[in-house]
């Protein structure tokens, strides 16, 4: 049985007494064991990162960026291998894994712009013969703690930019599906990242707490659930760190009466059921304005769901794979039961699905609720499964009030043809990422990702321009040169030589 | 006796049972009383700000900025009146008050650029016919808590930008010297800020805690001491707020052997003793490289100190006024005594100074220590008085190690003619604001102010470009329009008319 | 009879032998005479500007900008006086003059952001210990040549930014209506612009050619007709100058079948007939998609035209004043006649209008053509009068083809509710300024103004961000400091002292 | 004998009747023939580029940029092959060729940032519910005309950015050494540039004039001598094109008495003699302040020149290869003779050098003049050969006056340790690219390249941020959505359903 170890100072380390099983969600077979880092092991990684920092900060940004061009090549060359790792440990269909990886590669592409992005502001003559400029200097040792649902992409939101900005880094990927993150880090080293600049440790709360409390760690980026995000944010802050912590989501799609419904339904199918809904940007609620809209929406969704293929992720003919673990499957099925209890109308019930040849897999079919109301658990909680809730409202304002009242404010979208409706919605809705006829408005890599309300703790968003600010601190220099130096000296002294 | 009240929703309110005396530091006479807001009073202000927010956020930024142009005019027209308030309550010399106000006005000038500063990033074709852009939207109700030492300027770092960005605001100025801040807020209303958009409350911990815990307050800016800054940061964060909290400082000047010493001494005199050293950017330590440098520095400083005029701030012939309170005077004198005890050489002792006609004022003469060492309280603590410590080192690196090891990292400067020394220093020193032959490297209003280490809690600096980011949150919109709308409709339908 | 002289080096000069009458368009009475500068007079202004340059370039940008804040105040205080000058010499209604002036003031507001706008890009470590940054330095002596139709606003597009960037300036306003530009320049000097930094000369081709050929002039901004713009551009370039020359326009409004027609008609009335159509952003052609749209449009326009009040500009009850000169009136009437000859349908004929009490004024009523076709002179030429042409097409693409085929590409707009139609139009139309349900898409002062095709000669647009680039040249500095300077020197020499 | 043909619409074409020899400068053997395009051939390329444009402009920028990442890989993989082409046709030493190519690759790297660089400015609420944004749209068909001295790099300044911005392109490389440019274009197509988007034609004045006059070409970038640059600029402008034309240079190094002379001499050797001085950024004049400085400089230069190895460029042991052609060698030798005639002191005479085994090569040894004066042809003209002129002045100001009075203003540098001298020099010198202790201050790829005075015709510099502006035109959209669309519609109509 393979044991997945840590990558510290360029070497693999795996001598921790504690280990955990990695299972294939499609079969629940154990495919590997992962070493869970002790405090000492994490401190070793921190020490390596701290030791590598002084030299790395002085490497010119263009040289640091050049490694990222090479990393992009290596990721493209190893894409199939990475996607297999993703599917085997996470369960998502290979095509979907490729989509995830592609998004990650796009983040690496953006990082290649580091020399442009790190430019400071230079002001000539802020006073007579006084100049001033800002520099964006690295922070030192940074850490990233990433979730199971995008095991390859989310780490690539973090460490490439952190490292290109001159920091050194410790990544703690999800211990559920760590292989791809670890392999990609190896590719980073192959691309030219020096030993110690990028380190990977696997672990649980002990590792996390070590990263959050060690004084040498300057900054922490986290993606996960809202309670943990809040804990990471407050603990990291209390220990003098800069922290950005991304939490949960409940993303609503608002469907207007004038929407192109076929287009909207097609978009919703992918946004609700893609990757089994285990995405923080998944659409889990569709709010239809008017019963006519709702009726048509339900009808068309039902028709599409009937065609959905669920099965092993290694087969690209499938639309949905298994959920990540048996425990998670149980939790999602529990929500479906609770929705029924609370009075929502279960239009399509995905429970009880058996995939031939994968009878032990964590499978659940696409599920659809109608007449969901605020206050039901299936509306207030993030289910993180293939469960789409339809809500019915009379007016656009009513829909917006529901969205604004929700605890989370990650993403949302509107389907309409009308310019005014779209503008009013995107202007006023209290959500950080807004789609207009775009169901998953994940910002492209050269914009930044971040929700509002309790979906994000911290001032700065992930990746894109904000990540440059997160991984650097501003230094402002003001400079005046005293007169009567060599310039006037030369003028006075030389004539006497003639 | 005049009672200074709160400004809430455009009206003065002062019915709190608790009041506190305002004294003139030059005489210790009580010149006014200030009302200390109860929780209920602060909540009234928050309610006013919350009510004013929806309409204010929709006012076009250019119109909001236009009020700031008008405010600048009013500040200039009322400069003498404001400076008298400053001198009477804080003690600083009128000229110095004018310098403070001018810096504040420059912040207002920068805020006039709001329409430029609020521009988002627009990307055409992030995908086929898909566009994406970012908007920087206001946060809602913001609060500012400001210190006694710059009673006019620091509030102007905060609320003009916050308001120009579309937020509404509650200012809690220092209860020691609140008149100028209150009067400037009145000018803001006269300039066109609607009632409720800007509110002022005076108070103590009860007011601060109300601002830090009320859910309607979205963000808090704080300037004060490090322990309070840390408290404000953690309490605000725990209550879901965005916080930036600026704390203490101990700013070192590094004097190189090749420095233009006359220039350096002249610069140090103002930086160390101006405003009695009650500035977070004051130079309180001069580190001389080489004994020859130190000896010459001490000699020249002594000569300058001998000429320094200390007296009532209303007389512009004076260089230094009184300290802010009797308690603070006692504290600073205590530090001088302790420095002597700990073995530093007290070259000039400013204690015991009596200013004729102002015998009850909080006066202390300029004081100078030589041979100060790390570990002495006069080096590790922020004294906030007219006490300059000279340290002697053999090398530039030794000087930089002392600076880097200090808890605070607000400002620092180097005196040299050498390009390489200056560049090495500004690149490597672990301090946020660096001067090269500039003793007080306070960034100009179009750059941002912020220290490193325990001088600042938060990611974003004060005023300048960073303040735009602090007072707004990013929203990213991704837009695609479904085809077969009116455009193709027109194409298909009209030919049949011919 | 008052003679309007030049403002050179802070003094009025008016001893040229040649003079020209200024008439009131509402009465054709001579209200003043303007001195026409000889080559020698213009050279005197150039010499003054060249002499003032070295000191002015070294004034910190923030101080230069501060003058602009003061200018804004003075413009607001003198607004009524300026508007009367505008109306008396140009003819436009006072309200309209106030709108023009307001736009000009907004340009001054933007210029106040100069310290922000002049920031260069600073790159740390472009190589090991090598830094590089860009500076945007002033050009030297710049000139502006401005048209009769916006006598106050267009000069304010130019010289405030040029001067804030550190240049000195010579303005040659239209000799038809020079009073407001001259008076505003005086306000500039009152605001603090030093003598010689801003100069005004009146004149004709002799003055223009002197500005275009004198080697001391570094840059020329021009607004006028396309043939002259082209002459200015090539002549200036051949004489080593940077030139931006804005020419003619023929702005089309595309009216889609789904447009809110009442809103569109209301917008078109102002855009077509405001200021008698003597605006380079006036809508002079409305292209209706579908006969139903066209019929409704014509009907509603006719109804609105019937209510239009034409008369003396000093009466704000009027919607339209007289044309600028008798010669121009004759030319516009000639176009109406020609349109009829060429087969267009003259729906409303504004010719022959007599305004009681102003029978000698250059009055022409609003005129409306239907069924205008490409190839007619009223479509291919810029009429610059109150003549709106309606064209009928079957499809949106046909409308866009007409617009794209036109020689000019200044502004255009579309009226629709449909997001997709708007996006397709704004993306593809070959016009520089595009309105979506905005009839006069003149960019606000913090964006830039510029047409495409033969509406602009030059790379950079007017005012806004582009004007900063136009009035400065980039300098890139790359800096490395040799080691073994005072820093290592200090390290080596001092230990031996111990 | 190989004939080098054109690359048009993805295919090689070489059927022009006119051809020209390509010789190896080291031997003067003919190594290939190049086809000289007729007007018809160039028009064919223009037609291909025009046909490819509409589809290419709509490809998302990120996809266009992705091709550039691939191009970078291909350039790195083919570096040796490209460098051999460079050495064989141009003569420069392989190492130097590799340096040239590396700079070219860095330009490609910068172009990968296109999605970031193409972001427009988005303003919410420029008026009530009115938004405005700018887009930087491509121009259409662009052309580049490049010189013999950097056959690989200068084309890479141009077409990658032009194409990434959405334009299509026609490159006319120098007909002296076209192979590398052609091969790199093939790599561009291999990387994914569609046929027709990038085309290469070889030719002489006929080809150039066709590009300058054809209406379909929207913009031309040129690098060459000043007289041709001026012709290209005026001809292109007269034909409605945007043009940037980079001309000649005479770059001075100012050597101050406090300079680190060993460092300065080492830097000057490379800057003066590298690539035989055939660089527009070569240092051809060293201005020494004070005779002591000059004497020491001359002595150290002589010592270094004595060690210089001149020989075939294929041998990396050599420091200098041959000049590009026999005609150019004759011209440079003529300048040396003229310098002697005009009274300069020829300290080292490189004429008459014979390289064993390469006796027919265009070899010239490093040459050094002392006591050069303004007015001598060797100072006023760009020699473009391995000839360094030393001038002697008494003061820094005198040196700066000489530099400022020169016709050209491309690059310059100063050698000093003094911060004030460096700042005064870089601030005031009338030259576009300034080095401080950096002899060849060629801006890095993420800054922009451009000289002042008659070294550049046009507003915008080459590569870096300015090139994005050069290859795009600004479009400003202002958008308002009429109310009472589907949003209010929904509100009004739905309640009646209840």
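Protein chains in written order, with the numbering used here: chain A, 4 to 501; chain B, 4 to 501; chain C, 4 to 501; chain D, 4 to 501.
Heads up, the beta-carbon is just placed ideally off N, CA and C, and yes, glycines get one too.
Determine, for residue i, whether the minimum Cβ-Cβ distance to residues of chain E falls below 8 Å.
i                      : result
residue 423 of chain D : Given the protein chain composition of this structure (A, B, C and D), no chain E is represented.
Run the CB neighbour count on residue i, radius 10 Å, all protein chains shown included, and call it buried at 16 or more, exposed below.
i                      : result
residue 315 of chain C : buried
residue 179 of chain D : buried
residue 500 of chain A : Because residue 500 of chain A carries a pLDDT of 34, less than 50, the predicted location of this residue cannot be relied on, and the following value inherits that uncertainty. Residue 500 of chain A is exposed by the Cβ-count criterion.
residue 437 of chain C : buried
residue 497 of chain C : For residue 497 of chain C, the predicted model reports a pLDDT of 33, less than 50, meaning its position is unreliable; a value from the coordinates is still stated below. Label assigned to residue 497 of chain C: buried.
residue 140 of chain C : buried
residue 360 of chain D : exposed
Tell me which residue opens and which closes the alpha helix (DSSP H) that residue i is part of.
i                      : result
residue 468 of chain D : 467-473
residue 59 of chain B  : 42-60
residue 90 of chain C  : 82-93
residue 238 of chain D : 229-241
Which chain B residues are close to residue i, counting only those with a beta carbon under 8 Å from its beta carbon?
i                      : result
residue 502 of chain C : The requested residue 502 of chain C does not occur in the structure, where chain C is confined to residues 4 to 501.
residue 125 of chain D : 122, 123, 124, 125, 136, 137, 138
Answer yes or no: the CB of residue i versus the heavy atoms of the ligand ADP, is any distance below 7 Å?
i                      : result
residue 440 of chain B : Ligands in the displayed structure: none, and consequently the ligand ADP is not present.
What does residue i reach in chain C if we use C-beta pairs closer than 9 Å?
i                      : result
residue 65 of chain B  : 109, 112, 447, 448, 449
residue 483 of chain D : 438, 439, 440, 441
Can you tell me where the beta strand (DSSP E) with residue i in it begins and where it stops?
i                      : result
residue 26 of chain B  : 22-26
residue 141 of chain C : 133-141
Using a cut-off of 9 Å between C-beta atoms, extract the partners of residue i located in chain B.
i                      : result
residue 420 of chain D : 420, 421, 422, 423
Kindly list, in the order they appear in chain C, the residues whose Cβ is closer than 7 Å to that of residue i.
i                     : result
residue 87 of chain D : Under the 7 Å cutoff, chain C gives no residues; its nearest Cβ is about 27 Å from residue 87 of chain D.
What in chain A is Cβ-close to residue i, meaning under 8 Å?
i                    : result
residue 1 of chain B : Chain B is shown only over 4 to 501; residue 1 of chain B falls outside these bounds and no answer can be derived.
Note down, in chain order, every chain A residue with its Cβ under 7 Å from the Cβ of residue i.
i                      : result
residue 118 of chain D : 449
Secondary structure, alpha helix (DSSP H): runs of 4+ residues fully inside the region 150-217 of chain D: 156-167, 182-194, 208-216
Ranges of the alpha helix (DSSP H) found wholly within the region 271-326 of chain B, counting only runs of at least 4: 294-310
Stretch-stretch touch, CB-based, cutoff 8 Å, three pairs: the region 110-120 of chain A with the region 402-410 of chain D: no
Contact the region 324-342 of chain B vs the region 27-37 of chain B: 3+ CB pairs below 8 Å: yes
Stretch pair the region 472-482 of chain B + the region 438-445 of chain A: three plus CB contacts closer than 8 Å: yes
At least 3 beta-carbon pairs within less than 8 Å: the region 36-43 of chain B vs the region 60-76 of chain B: Remark: fewer than three beta-carbon pairs, one from each stretch, lie closer than 8 Å, so the region 36-43 of chain B and the region 60-76 of chain B are not flagged as touching.
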